[in-house]
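Colleague: This is the structure I want to talk about, given as structure tokens.
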């Protein structure tokens with residue numbers, strides 16, 4: 051009888067240990083599956099962006115020229131750009147539109163349609179010391195798409211735009227002295243917009259970057 055009880059106890063303990071081991075392994079398996087699904091989704095998103103850029107022959111390297119005007123690319127972290135530099139990069143003489151990854155700052159109804167203000171993502175800024183806002187004329191279909199995705203607080207977009215005008219807006223504060231903060235406003239029509247969720251580039255294709263070096 052004691053043997054039977056000991057045997058039963060042993061079987062129960064072994065079973066519990068096996069179940070515990072299975073439960074311990076499951077989180078790792080779930081995490082691996084989630085990471086694989088995320089990588090697959092990121093690859094799919096990047097293909098969609100590549101296809102959109104190819105469709106419009108859009109320039110993704112428009113900020114690279116600023117790096118070549120400085121002795122050290124890290125200087126972009128501290129020195130502001132001049133309007134002429136931003137204008138030459140965005141209002142292109144070759145007629146190509148530009149592409150960027152951005153979030154939506156505001157959606158406005160205008161007399162002849164709609165305009166959307168896009169802000170370049172901080173971790174993807176071509177010049178971290180300079181804030182560029184893109185005020186783009188959009189269609190009602192593009193605005194509807196943006197509004198549908200507004201509940202996603204990580205709503206990032208791939209945007210194709212043909213910029214026609216760039217101006218600097220200077221904000222000043224004079225409570226205890228002068229404080230200045232510059233922002234560039236780039237305007238033009240939005241040719242296409244694609245919801246990409248939380249997508250972190252590499253945005254500039256290696257071939258396109260290499261071609262500039």
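Numbering (the numbering used here), first residue to last: 51 to 263.
Even for Gly, the Cβ is constructed at its ideal location relative to N, Cα and C.
(1) Beta carbon of residue 152, beta carbon of residue 209: below 8 Å?
(2) Counting only the same chain and skipping the five closest in sequence on each side, list residues whose C-beta sits under 8 Å from that of residue 204.
(3) Exposed or buried, residue 149, counting other C-beta atoms within 10 Å across all chains shown (16 or more means buried)?
(4) For residue 155 versus residue 164, is the C-beta spacing smaller than 8 Å?
(5) Rounding to the nearest angstrom, what Cα-Cα distance links residue 97 and residue 83 in this structure?
(6) Considering only their Cβ atoms, is the gap separating residue 243 from residue 195 smaller than 8 Å?
(7) If you draw a straight line from the alpha carbon of residue 168 to that of residue 200, how long is it in whole angstroms?
(8) Closest to residue 114 by C-alpha separation, out of 138, 106 and 105, would be which residue?
(9) Quick one: residues in its chain with C-beta nearer than 6 Å to the C-beta of residue 99, no 5 flanking neighbours on either side, listed in chain order?
(10) Which of the three DSSP states, helix, strand or coil, is assigned to residue 198?
(11) Would you kindly work out how many angstroms separate the C-alpha atoms of residue 81 and residue 106, rounded to a whole number?
Modeller: A quick look at the data gives this:
(1) Here residue 152 corresponds to residue number 102 of the chain shown, with the count starting at 1. Here residue 209 corresponds to residue number 159 of the chain shown, with the count starting at 1. Going by C-beta atoms, residue 152 is nearer than 8 Å to residue 209.
(2) Position 154 of the chain shown, counted from the start, is the residue given in the question as residue 204. Cβ within range, chain order: 247 and 248.
(3) Here the question's residue 149 lines up with position 99 in the chain shown. Label assigned to residue 149: buried.
(4) Position 105 of the chain shown, counting from 1, holds the residue named residue 155. Position 114 of the chain shown, counting from 1, holds the residue named residue 164. It is not a contact, given that the beta carbons lie outside the stated cut-off.
(5) Start at 1 with the first residue of the chain shown, and residue 97 comes out as number 47. Start at 1 with the first residue of the chain shown, and residue 83 comes out as number 33. Those two C-alpha atoms are separated by around 21 Å.
(6) Reading the chain shown from its first residue, position 145 is the one you call residue 195. Reading the chain shown from its first residue, position 193 is the one you call residue 243. Yes; because the gap between Cβ atoms is below 8 Å, this pair is in contact.
(7) For the purposes of this step, residue 168 is taken as the residue at position 118 of the chain shown. For the purposes of this step, residue 200 is taken as the residue at position 150 of the chain shown. Those two C-alpha atoms are separated by around 13 Å.
(8) Numbered from its first residue, the chain shown carries residue 114 at position 64. Considering only alpha carbons, the answer is 138.
(9) Counting from 1 along the chain shown, the entry for residue 99 is found at position 49. The residues are 208.
(10) Translated into the one-based positions of the chain shown, residue 198 becomes position 148. Note: residue 198 maps to helix in three-state DSSP.
(11) As a first step, residue 81 is located in the chain shown; it is residue number 31 there, counting from the start. As a first step, residue 106 is located in the chain shown; it is residue number 56 there, counting from the start. Using only the alpha carbons, I get a separation of about 38 Å.
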